[in-house]
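Below is one structure, written out as structure tokens, with a few remarks after it.
Protein chains: 2
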Amino acid sequence: MTRYWMEIEYDGGCFSGWQWQKDEETVQGLIESGIYELWKEEVRVTGAGRTDAGVHAWGQVAHVDIEREVSPRGLMMGLNYAMRGKGCVIKALGEARDDFHARFDARVRGYCYRILNRVAPPSVTRGYVWHYPWSLDLGAMQEVGLLLESCEDFSAFRASGCQALSAKKTLDMCRIEREGEEIKLTFVARSFLYRQVRIMVGTLVEVGRRGGRDVSWVKNLVEGGTRKDAGPTVPPWGLALTHVGYGERDTRDMSFSIDKRD
Amino acid sequence: MTRYWMEIEYDGGCFSGWQWQKDEETVQGLIESGIYELWKEEVRVTGAGRTDAGVHAWGQVAHVDIEREVSPRGLMMGLNYAMRGKGCVIKALGEARDDFHARFDARVRGYCYRILNRVAPPSVTRGYVWHYPWSLDLGAMQEVGLLLESCEDFSAFRASGCQALSAKKTLDMCRIEREGEEIKLTFVARSFLYRQVRIMVGTLVEVGRRGGRDVSWVKNLVEGGTRKDAGPTVPPWGLALTHVGYGERDTRDMSFSIDKRD
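Residue numbers (this note's numbering), protein chains in the order written: chain A, 884 to 1145; chain B, 884 to 1145.
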């Protein structure tokens, strides 16, 4: 039996989230079905993060154990063929240490939230951005970003149903920048609470919008608020899990990125 | 009667190209129907460039004459409502000079071609990139880019059916760069021949691919080739019309980009 790691990209709009559900198309379910279709093995794929329905991934990471001897290249190509047209691809794949764990070994997770900030709704980026047609005060939002980076307890920023024992987390980075018509919000942390990013974005927009809340409101949230005190949860389709890092324990070999054709 | 200019963004995958066709969804047809639906006027919308079926636009420009007095804002919002969910939006719109002509006044047109250059097919960018899973020699392609910038006659790079009287054109810029997993090819010129960009990209890839043609092959094409001597036409979905410039004759007022909500 061999353990493999894989890096996965998917269009969240095609799935009811990462995690397996009966009678629903999920990313985990699709990959598990693909492996069954190809090698008749019933496996369990473990992802670094359970993205919600509609949330995209550019670089989700997962691991899986397979009995049959398959080359990493054959596994990746086979899976991408089995999943063709479904909105999910394996970008890279390799053999992993026997005790590699995509979820527990992850040292850093990165998310990006895209706001299309213009009057006209999206056309070419529809499904990948949240459309906000009113002005936003980026300076105020960046001030809130610094407050969130100094936050030690994210109780105000986790949705009901969150299974984490503690809301004590460290947010390593919250960057807010304008790129043309878009506002990009980047969040990096070791781990996040349930819907934490989307609640933080909703809170940031509450401060950034005209006639919205003051920065001092977030100061109170950070110092001891509850979910009902924070801003709304923004839609999932603006959000993407961009990368998962494994620090020194990262022994993944990412060498085959382009085919050499002769 | 007032003449209006408009800047248009569309997903080429939703349309059989720009130009009106009976029984086909085209961008021109959709906008004209929208205006008829809202103000019961049968108008003709004139675009700066007639993009092919499947080709996207981030910044197509067009003009139209309307009898009814409508505010630019009302026209834009109304049209975007009428066209909602169809993959086409008006990004900006304003009153134009009576003799403004979106096509004949255009001084510069920009196109971008996106190649996804990795083993795995696209998921989140599918429909917006051409997938090329083999290695490409960017240095050789950039050399060809310089040759194309010095080309004076693009006879080898126009498809049959091209209605231009002359193939003598100037290509102001051909830039080829890697951005992560993508190769972006940017082309700027006053005007382009029929399918010129897609044939130039096909020719560039012929030189860039392993075991492909030499740069000297393009030298001959530039100095006096015909269509059959050049590379293949690459698929439309990697291509986008990014902008149209009007130089000193540009009196378009682009001031209302974001709503101020109070």
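The beta-carbon is built from N, C-alpha and C at its ideal position, and this holds for glycine as well.
As the structure is a computational prediction, the values presented were derived from the model and not from experiment.
Check                                                                                                                                                                                : Outcome
Report yes or no: do the stretch 1033 to 1048 of chain B and the stretch 950 to 967 of chain B share at least 3 C-beta pairs separated by less than 8 Å?                             : no
Give the list of continuous alpha helix (DSSP H) stretches no shorter than 4 residues that lie fully inside the stretch 988 to 1025 of chain B.                                      : none
Count the C-beta pairs between the stretch 892 to 907 of chain A and the stretch 921 to 941 of chain A that are closer than 8 Å, then say yes if the count reaches three, no if not. : yes
Reducing DSSP to helix, strand and coil, say where Trp941/A ends up.                                                                                                                 : strand
Run through DSSP, which three-state label would Glu1106/B get?                                                                                                                       : helix
So that I know if they touch, is there some Cβ in chain A lying closer than 8 Å to that of Pro1004/B?                                                                                : yes
Using a Cβ cut-off of 8 Å, which residues of the stretch 985 to 1015 of chain A contact any Cβ in chain B, in chain order?                                                           : Asn1000, Arg1001, Val1002, Ala1003, Pro1004, Pro1005, Ser1006, Val1007, Arg1009, Tyr1011
Chain B partners of Glu970/A, CB-CB under 7 Å?                                                                                                                                       : First, the amino acid is wrong: residue 970/A is Gly here, not Glu. Within chain B, the residues near Gly970/A are Ser1006.
Where DSSP assigns a beta bridge to Lys1059/B, which residues make up the other side?                                                                                                : Checking the displayed sequence, the identity of residue 1059/B turns out to be Ile instead of Lys. In DSSP, Ile1059/B forms a bridge with Leu1068/B.
Tell me the DSSP secondary structure of Leu1122/A in three-state form.                                                                                                               : strand
So with CB distances below 8 Å, who are the chain B contacts of Tyr893/A?                                                                                                            : Ser1006, Val1007
Looking at the secondary structure, which residues open and close the beta strand (DSSP E) in which Gly961/B lies?                                                                   : Per DSSP, Gly961/B belongs to no beta strand (DSSP E); it is in the alpha helix (DSSP H), 955 to 965.
So, under 8 Å CB-CB, Phe893/B and Val910/B are touching, yes? Tell me the CB distance rounded to an integer number of Å.                                                             : Rather than Phe, the amino acid found at residue 893/B in this sequence is Tyr. Confirmed, Cβ separation roughly 5 Å.
Could you spell out the range, first to last residue, of the alpha helix (DSSP H) harbouring Leu1076/A?                                                                              : Note, Leu1076/A: premise wrong, no alpha helix (DSSP H); not H, not E.
Can you pull out the residues from the stretch 921 to 949 of chain B whose beta carbon lies closer than 9 Å to at least one beta carbon of chain A?                                  : His939, Ala940, Trp941
In three-state terms, what does DSSP make of Asp894/B?                                                                                                                               : coil
So that I know if they touch, is there some Cβ in chain B lying closer than 8 Å to that of Ile973/A?                                                                                 : yes
Measure the CB-CB distance between Glu1032/A and Met1056/A and report whether it falls below 8 Å.                                                                                    : yes
At the 8 Å Cβ level, is Asn1103/B part of the contact set with chain A, yes or no?                                                                                                   : no
Identify whether Lys923/A lies in helix, strand or coil by the three-state DSSP scheme.                                                                                              : coil
Quick one, are the C-beta atoms of Leu1019/A and Val1088/A less than 8 Å apart?                                                                                                      : yes
Quick one: what does DSSP say Ala976/A is sitting in, helix, strand or coil?                                                                                                         : Correcting the residue identity first, residue 976/A is Leu in this sequence and not Ala. In the structure shown, Leu976/A sits in a strand (DSSP, three-state: E or B).
With which residues is Cys971/A paired in a DSSP beta bridge?                                                                                                                        : Tyr893/A
Answer yes or no: do Ala1003/B and Ile973/A have a C-beta to C-beta separation smaller than 8 Å?                                                                                     : yes
Run the CB neighbour count on Pro1115/B, radius 10 Å, all protein chains shown included, and call it buried at 16 or more, exposed below.                                            : exposed
Closest to Phe1037/B by C-alpha separation, out of Glu978/B, Ser1099/B, Gly1094/B, Thr1109/B, would be which residue?                                                                : Thr1109/B
Tell me, which residues are paired with Leu1054/B by DSSP?                                                                                                                           : Ala1072/B
Who are Asp1036/A's beta bridge partners in DSSP?                                                                                                                                    : Lys1051/A
Among Asp948/A, Ser916/A, Leu976/A, Leu958/A, which has the Cα closest to the Cα of Gly942/A?                                                                                        : Leu976/A
Give me, in chain order, the residues of the same chain whose beta-carbon lies closer than 8 Å to that of Leu999/A; leave out the 5 immediate sequence neighbours on both sides.     : Pro1005, Thr1008, Val1012, Trp1013, His1014, Tyr1015, Glu1064, Glu1065
Under 8 Å, with one C-beta from each stretch per pair, do the stretch 986 to 994 of chain A and the stretch 1122 to 1132 of chain A reach the 3-pair mark?                           : yes
For my contact list, Glu924/A and Glu950/A are in at a C-beta cut-off of 8 Å; report their separation, rounded to the angstrom.                                                      : 6 Å
Rounded C-beta distance between Leu921/A and Gly961/A? I'm assuming under 8 Å.                                                                                                       : 5 Å
Thinking C-alpha only, which one of Cys897/A, Phe1075/A, Ile918/A is nearest Glu952/A?                                                                                               : Ile918/A
Give me, in chain order, the residues of the same chain whose beta-carbon lies closer than 8 Å to that of Leu1104/A; leave out the 5 immediate sequence neighbours on both sides.    : Ala1039, Phe1040, Thr1086, Asp1112, Ala1113
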